[in-house]
Amino acid sequence: MLFLLLLPLLALNALSSPTPDLLPRDPALKPYQLRGVQSPIFHLYLQSLPSSKSTPVMGPESSSEYFNLDSSIQSLNSSLYLNIGPKVDGKSYLPLSLDATSNTTAWALEGDTVITSTASTYGRQLNFLACASSTSGYYTIYLQTGSDVPSGVTCSNYQTIHTPCLC
Ligand SMILES: *[C@@H]1O[C@H](CO)[C@@H](O)[C@H](O)[C@H]1NC(C)=O
Ligand SMILES: *[C@@H]1O[C@H](CO)[C@@H](O)[C@H](O)[C@H]1NC(C)=O
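Be aware that the sequence shown starts at 450, since it is given in the numbering used here, and climbs by one per residue.
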């Protein structure tokens, strides 16, 4: 009788504690290098500009940083978070910054592609604008929500940023 009473409890317990080893690994948990896949940022990686830690740039693999991806993106190297700033002068490209605190929880992964989620205030965006930095070899990146390009700087539109693989 006691056994019969316990049975449903045992079943419930089994349901509420799945064996972690049998579940697929959450790809978002792994620290990733984040890279460009098209010229001019082909095989350049997300990192801080050496002379300005708060400026996110695509730069050489040798100085690449590693990031934890969640609804926020945090560098394991600098502990800084990748944040999206407000529109400037109504332009479609939004400035990005690396800050000690996260105020952006819009990030998501779609396959190996870094996006802002459909549910976020930005909607689903996956394009970035990459503009040649005054420091040669580095490109400043912006979240591109349209097609505007600044004048007076060499920029490349519709860039995407990816994890190396889902492993
Ligand atoms: C970032 O951290 C990773 C992992 O610890 C390390 O391999 C890499 O060299 C670091 N990058 C920089 C620029 O310090
Ligand atoms: C997040 O912080 C950055 C840097 O301080 C700032 O430029 C940006 O406006 C902030 N974004 C929001 C949504 O508060």
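Cβ coordinates follow ideal geometry from the N, Cα and C atoms, glycine included.
{"Check": "3 or more residues per run - each beta strand (DSSP E) lying fully within the stretch 567-596", "Outcome": "576-581, 588-593"}
{"Check": "Beta-carbon spacing of Leu493, Arg484 below 8 Å", "Outcome": "yes"}
{"Check": "Contacting residues, own chain, Cβ-Cβ under 6 Å from Asn532 (five flanking each side not counted)", "Outcome": "Ser546, Asp548, Asn552, Thr553"}
{"Check": "For Pro544, the residue or residues it bridges with in DSSP", "Outcome": "Tyr591"}
{"Check": "Cβ contact check for the stretch 557-564 and the stretch 588-596: 3 or more pairs under 8 Å", "Outcome": "no"}
{"Check": "Environment of ligand 1 in chain order, Cβ to heavy atom below 5 Å", "Outcome": "Ser512, Tyr515, Asn526"}
{"Check": "Presumed contact (8 Å Cβ cut-off) between Arg573 and Thr565, rounded CB distance", "Outcome": "7 Å"}
{"Check": "Three or more C-beta pairs below 8 Å linking the stretch 520-535 and the stretch 595-608", "Outcome": "no"}
{"Check": "Contacts around Pro480, its chain only, beta-carbon distance under 8 Å, and the 5 residues preceding and following it disregarded", "Outcome": "Tyr515, Phe516, Asn517, Leu525"}
{"Check": "Enclosing beta strand (DSSP E) for Val486 [first to last residue]", "Outcome": "No beta strand (DSSP E) contains Val486, which DSSP labels as neither H nor E."}
{"Check": "Outcome for Gln487 when other beta-carbon atoms lying within 10 angstroms are tallied against a minimum of 16", "Outcome": "exposed"}
{"Check": "Contacts around Pro473, its chain only, beta-carbon distance under 6 Å, and the 5 residues preceding and following it disregarded", "Outcome": "Residue confidence for Pro473 is low, a pLDDT of 44 falling below 50, so the modelled location carries little weight; the figure read from the coordinates is stated next. Once the five neighbours on either side are set aside, Pro473 has no close Cβ partner at all."}
{"Check": "Assigned secondary structure, Ser600 (DSSP; H/G/I helix, E/B strand, else coil)", "Outcome": "coil"}
{"Check": "Buried/exposed call for Ser528, threshold 16 Cβ in 10 Å", "Outcome": "exposed"}
{"Check": "Under the three-state DSSP convention, the category Glu514 falls into", "Outcome": "coil"}
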